[in-house]
Amino acid sequence: MRKILRYLLSIPFVRDVLTLQTGGFIGIGINLLTSIVYARLLGLDRYGIYAIVLAFTGTIGIVVNWGQGASMTTFFAEEYGKKHREGMANVLAYFWSLTFITGILTLVLAWLSPLITGHMYGNTEIGKLAQLSFIMLILNAVPTCFFAILQTVREIRLLTILDQATSALHLGFSSFLLFSGYGIASIFLSKIVLLLLSFPIFLIIYKKIARQYELPHIGEVLRARMKAFNVYLLQGLWIGLDKNIGNLYPNVFFVVMSTVTTPATIGIARIAFQLSAMPRMFLLSQVNQLAVTVLATVSARGIPVLRQTCVKLLKHALFFHALLSFAALIATPIAIPLLFGQEYAAAVPMSLWLILITIMSALNVNNTPLLRLFRQTYVSTIGSAMSILLSTGTLSLLLKTMGASTALIAATFVYFVVNQAISAYIYGILLHPKRFRVS
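For the sequence shown, the numbering used here assigns the number 5 to the initial residue and increments by one for each residue that follows.
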């Protein structure tokens, strides 16, 4: 057993996953504590409004998210693997050019938010809060870029420390403001302040790692040839579209429900989805995060090695995710009334069903990185779009004939079942052994 452990710990990928898992464990604790504090300090109705704001910005915001964050991670890793300094500068120039354009569009959308929410809900307060949320999304571009670079150069420990420290500071700052009676807006304002304060720190650290890992300096990024923009734009838009459609789950469910149910119901649903997602957050998020850069590097060693790596990742991810999910089934009925309060006990049955259903998500752990590598992101886009359309249609129909909780569980089941068509294509066609022998 000790030999096996020593062998596993000698593998850089395994060590990085363990580091991310440690950070993930801390992050889960912070996220759980954040939900508890916000739910208790806001109360069920106000927490429901907060959930509606997040669902609104998460759904409407896809029109100004063109995928530069997700695509930059893949493109930068590929150029770094080739030790192509000019290529890395081109990728960073692409990211910041597109971020500038989408940032302007996001400000326009933020300005229109009160009008949109006034029409949808007859309530402009949601739109005013959404304005702050959109500003926060714009500022998030800086840590998105910086953390992608840290992940690529395998500074996983530094990435984990910075990421979790920022989350902890936000929890403390926002909790203090909420306790002082400043309301939902203080959650977004505290995050905006922390993001602004972190920018100089990120800049100093980047200058240091740029020298250590031979990354392009800021001046090289500013002088990058804009013709490289076209090289990444089309594939980046596909990646962005795929990411945006994936991010609609479960936000679009909450938006649909919020037009026919009370904010309290949305608050209950948000807690149920958050708790059911914790097994995925603890393991699958870290594995998928590393797979984006690791599989891009492994692909240079040939398709057979890539296939073997993918199969190992899939089997281990499914096994450990199932174990974590069954542990969550035992803990959830006790945790919700104890931590959130008895008024949130209605989230227990929904959480249990969602935990069982989302075990299927482990089957998709390699999908996004592989489809990006093979430049077939459109497959994921089409599959995800079908999943969203069919599940949202199911939700809309069932809301007319049954309770909101039952309709939401059924829609989630449809979403994950349909989404497995993507995995079937990848392992049945794209990574089929006969295909490699022919090639």
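Note that the Cβ used here is the ideal one computed from N, Cα and C, for glycine as well.
Using only the alpha-carbon positions, how far apart do residue i and residue j sit?
| i | j | result |
| --- | --- | --- |
| histidine 221 | valine 315 | 38 angstroms |
| phenylalanine 324 | phenylalanine 183 | 38 angstroms |
| threonine 405 | leucine 360 | 24 angstroms |
| leucine 328 | proline 283 | 6 angstroms |
| leucine 287 | valine 260 | 30 angstroms |
| leucine 200 | alanine 169 | 15 angstroms |
| valine 442 | isoleucine 433 | Model confidence at valine 442 stands at a pLDDT of 40, short of 50, so the residue's coordinates are unreliable; what they give is reported in the following sentence. Between valine 442 and isoleucine 433, the C-alpha separation is close to 13 angstroms. |
| threonine 381 | tyrosine 236 | 13 angstroms |
| glutamine 216 | arginine 50 | 48 angstroms |
| lysine 319 | alanine 332 | 20 angstroms |
| leucine 356 | alanine 339 | 12 angstroms |
| isoleucine 413 | phenylalanine 99 | 37 angstroms |
| alanine 3 | leucine 241 | Beyond the ends of the chain as shown, which are 5 and 443, falls residue 3; an answer cannot be given. |
| isoleucine 243 | isoleucine 40 | 34 angstroms |
| lysine 86 | alanine 189 | 45 angstroms |
| isoleucine 463 | tyrosine 429 | Nothing about residue 463 can be read from this structure; the chain reaches only from 5 to 443. |
| tyrosine 419 | valine 112 | 32 angstroms |
| valine 157 | glycine 65 | 30 angstroms |
| phenylalanine 417 | valine 256 | 15 angstroms |
| glycine 271 | leucine 48 | 6 angstroms |
| leucine 96 | glutamate 347 | 48 angstroms |
| serine 101 | leucine 193 | 26 angstroms |
| phenylalanine 330 | alanine 281 | 13 angstroms |
| alanine 59 | proline 254 | 8 angstroms |
| isoleucine 32 | methionine 285 | 7 angstroms |
| leucine 198 | threonine 362 | 33 angstroms |
| phenylalanine 203 | proline 308 | 42 angstroms |
Nearest to residue i by CA position, among the options, is which residue?
| i | options | result |
| --- | --- | --- |
| serine 409 | Pro373, Arg311, Leu375, Ser262 | Ser262 |
| isoleucine 120 | Gly250, Thr63, Ser171 | Thr63 |
| glutamine 424 | Leu403, Ala331, Val369, Ser355 | Val369 |
| isoleucine 213 | Pro267, Leu45, Gln155 | Gln155 |
| glutamine 72 | Leu109, Gln239, Arg215, Ser194 | Gln239 |
| valine 67 | Ile272, Leu109, Val41, Phe99 | Leu109 |
| valine 57 | Pro118, Ala152, Tyr84, Gly33 | Pro118 |
| tyrosine 186 | Leu45, Tyr429, Ala349, Ala93 | Leu45 |
| valine 296 | Ile363, Ser280, Val95, Met76 | Met76 |
| glutamine 312 | Ile363, Ser280, Tyr431 | Tyr431 |
| threonine 398 | Val302, Phe203, Val421, Thr385 | Val421 |
| methionine 364 | Ser400, Phe344, Ser427, Gly271 | Ser427 |
| threonine 269 | Glu82, Gly33, Gly407, Gly91 | Gly407 |
| glutamate 83 | Leu36, Gln346, Val298 | Val298 |
| arginine 161 | Leu294, Ala59, Ile275, His123 | Leu294 |
| alanine 276 | Ile30, Gly223, Ala349 | Ala349 |
| isoleucine 386 | Val309, Leu245, Leu37, Val256 | Leu245 |
| serine 137 | Tyr54, Ile165, Pro308 | Tyr54 |
| leucine 252 | Met285, Met390, Lys211, Asn292 | Met390 |
| leucine 461 | Leu198, Ser194, Tyr210 | Outside the shown range of the chain (5 to 443) lies residue 461, about which nothing can therefore be said. |
| isoleucine 30 | Val225, Asp167, Phe150 | Asp167 |
Between residue i and residue j, which are expected to be in contact by the criterion C-beta below 8 angstroms, what is the C-beta distance as a whole number of angstroms?
| i | j | result |
| --- | --- | --- |
| threonine 372 | valine 352 | Threonine 372 to valine 352, Cβ: 32 angstroms. No contact. |
| serine 3 | isoleucine 191 | Because the chain in this structure spans residues 5 to 443, residue 3 falls outside the shown range and cannot be described. |
| alanine 366 | leucine 322 | 4 angstroms |
| alanine 411 | serine 395 | About 11 angstroms separates the two Cβ atoms, so there is no contact after all. |
| isoleucine 130 | alanine 114 | With 8 angstroms as the limit, isoleucine 130 and alanine 114 do not qualify as a contact, their Cβ atoms being about 13 angstroms apart. |
| threonine 103 | asparagine 69 | Not a contact, Cβ separation roughly 10 angstroms. |
| alanine 172 | threonine 61 | Rounded, the Cβ-Cβ distance is 23 angstroms, inconsistent with contact. |
| alanine 300 | leucine 377 | 6 angstroms |
| threonine 266 | glycine 126 | That pair is no contact at about 14 angstroms. |
| phenylalanine 206 | valine 146 | 6 angstroms |
| leucine 175 | leucine 37 | 6 angstroms |
| alanine 43 | phenylalanine 344 | 5 angstroms |
Hey, could you find the ends of the alpha helix (DSSP H) residue i is sitting in?
| i | result |
| --- | --- |
| phenylalanine 286 | Neither: phenylalanine 286 is in no alpha helix (DSSP H) and is coded neither H nor E. |
| tyrosine 382 | 381-402 |
| serine 427 | 408-429 |
| histidine 456 | One cannot answer for residue 456 here, as it falls past the ends of the chain, which runs 5 to 443. |
| valine 315 | 307-339 |
| isoleucine 139 | 128-143 |
| alanine 366 | Unbroken run through alanine 366: none, as it is neither H nor E. |
| tryptophan 115 | 89-125 |
| isoleucine 205 | 189-217 |
| glutamine 72 | 72-85 |
| isoleucine 433 | Note, isoleucine 433: premise wrong, no alpha helix (DSSP H); not H, not E. |
| glycine 223 | 222-226 |
Does any residue of chain C have a CB that is nearer than 8 angstroms to the CB of residue i?
| i | result |
| --- | --- |
| serine 75 | Absence of chain C from the displayed structure is noted, only one protein chain being present. |
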